[in-house]
Ligand code: TRP
Ligand code: SF4
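Residue numbers (the working numbering): 25 to 426.
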């Protein structure tokens, strides 16, 4: 069972268009595991989509709903995870603006994805304030829920590092409080003797030995306390470190080991490379796409032995096939014992086996936008409950309390 000791997870996916097998194996399968173990918030980042697509937003609603239908079809469970659309929780936008006040320009210009993406998407005009602020919006997404962990791929690590820096700066600027230490000690007295002693021990271990585990244990201990006010909770959270209240806790990355899903041509699967198999693709299209995949170019005739290492079909077998099938491909390819059509046939079967049930469920959802809409409204309501509280605290310490 999930309880309050369990950390909160937040993750967003940019609304871009159809999902492909790369998203499925890279992100969604990971979400399916996380939703069983953590309190999860998964959202469709429609505002992030706009940072690069503002000139031609297209039908954002249709795209977002179709993406969410794919999540649901793949098994993301609205009874476990909160699923919502970013712009339906306007607190994201509001926190983004407030955080932008304290974010130095130089931090943003230094984020490696900023230059990279601008070069990659050279055909678009990305000399905009919104695009530069992409990672501030992402920080708001995360800090709004005081997430402990954020599952991300390697490419998003710099964004998460920036989120941590923004949180630190925020706490430094606004977590100062007159008589902080006295108030923290008074709060400590409310914990009861045993818990207070434990807390002091964790604090010492962290401060004297840099023991990260002690930090986690202290947090867990605080989360168990039912009698603490929010302010005391923040004081004690901060007192572990030193002299500031922690209003926005720093999230940690949960680096996911993502299998590299290569596309039909052997490059990374990506919509812009036109080498994708989409989630819920029809059986006929899956078959057609795999059948026309290039293979080892040296294997011209059926009798020529091949080398799976240079063949995109093998790259997909690595993800889709069991040990025996993989051995069969390796042996059969290198000895010319099997033909490429045999090899592809096995792959087609495996992908179809995985996709058929997803496709069916996706169709049910696609045909019932009301159902998706209900799920998204519930998700947004739940998200707002938390978002509203955080925003109120942020506004208060920034002097916006009327
Ligand atoms: N930037 C992320 C990506 O491109 C998407 C994203 C937006 C996100 N907000 C987030 C991911 C918050 C994790 C947490 O993949
Ligand atoms: Fe590629 Fe399979 Fe043909 Fe070998 S047998 S070249 S792995 S498709």
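Where is the CB? At the ideal position from N, CA and C, for every residue including glycine.
Legend entry - Alpha-carbon spacing of residue 421 relative to residue 255, whole angstroms: 12 Å
Legend entry - Ranges of the beta strand (DSSP E) found wholly within the segment 108 to 190, counting only runs of at least 3: 173 to 176
Legend entry - Within 8 Å, strictly: CB atoms of residue 343 and residue 393: no
Legend entry - Distance cut-off 7 Å: residue 330 Cβ against heavy atoms of ligand 2: yes
Legend entry - Own chain, CB closer than 8 Å to residue 50, minus 5 neighbours either side, in chain order: 177, 280, 282, 283 and 285
Legend entry - Run of the alpha helix (DSSP H) containing residue 408, from where it starts to where it stops: 393 to 421
Legend entry - C-alpha distance - residue 197 paired with residue 131, whole-angstrom precision: 17 Å
Inset, instruction - Can you say whether residue 314 is buried or exposed, counting buried as having 16 or more other CB atoms within 10 angstroms of its CB? - result: buried
Legend entry - For residue 240, the nearest candidate out of 135, 370, 140 and 265 (CA to CA): 265
Inset, instruction - Would you tell me roughly how many angstroms separate the C-alpha atoms of residue 248 and residue 215, rounded to the nearest one? - result: 10 Å
Legend entry - Where residue 286 falls: helix, strand or coil (DSSP): strand
Inset, instruction - For residue 158, count neighbouring C-beta atoms within 10 Å of its own C-beta (all shown protein chains included) and say buried if the count is 16 or more, exposed if not. - result: buried
Legend entry - Check: residue 284 C-beta below 7 Å from any heavy atom of ligand 2: no
Legend entry - Residues that DSSP places opposite residue 44 in a beta bridge: 302
Inset, instruction - Quick one: which unbroken alpha helix (DSSP H) runs of 4-plus residues sit fully inside the segment 219 to 295? Chain order, please. - result: 236 to 248 and 254 to 263
Inset, instruction - Give me the Cα-Cα distance between residue 181 and residue 304, rounded to the nearest whole angstrom. - result: 30 Å
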